[in-house]
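Anchor point for the sequence shown: position 58 equals 95 in the numbering used here, and the numbering is continuous, going up by one each time. Encoded as C-alpha cells, the structure appears first; notes follow it.
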Amino acid sequence: MENPALEIKDVIRILTTGSPPEQEASLKSYFTSDAAFYHPFCRVPSFPVGSVPFAPIRT
C-alpha cells in the first residue's frame, strides 16, 4: 500500500461486499500469506500453501 489511510476503506469494502474473485485478489494483494479474514458472515483462516481443504488444484 502506498497510502494505507486512503486505501484501507476500499480494501475493507472489497473484503465485505466483493465477489469471491475480488476478495481473493484483495487478500493476495494486501495481506501476507499467513493472514486470516474474519467477518460476521464469513471466516477464512490462514492455510499453508497447498493445504486448503476441497480447493481445486491450480496448475
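All residues carry an ideal CB built from backbone N, CA and C; glycine is no exception.
Query: Buried versus exposed, by CB contacts within 10 Å (16 or more), Leu43; Result: exposed
Query: Identity of the residue in Arg50, Tyr67, Ser66, Glu39 nearest His76 by Cα; Result: Arg50
Query: Delimiting residues of the alpha helix (DSSP H) encompassing Glu44; Result: 41-54
Query: For Ala73 and Ala62, the rounded distance between their alpha carbons; Result: 14 Å
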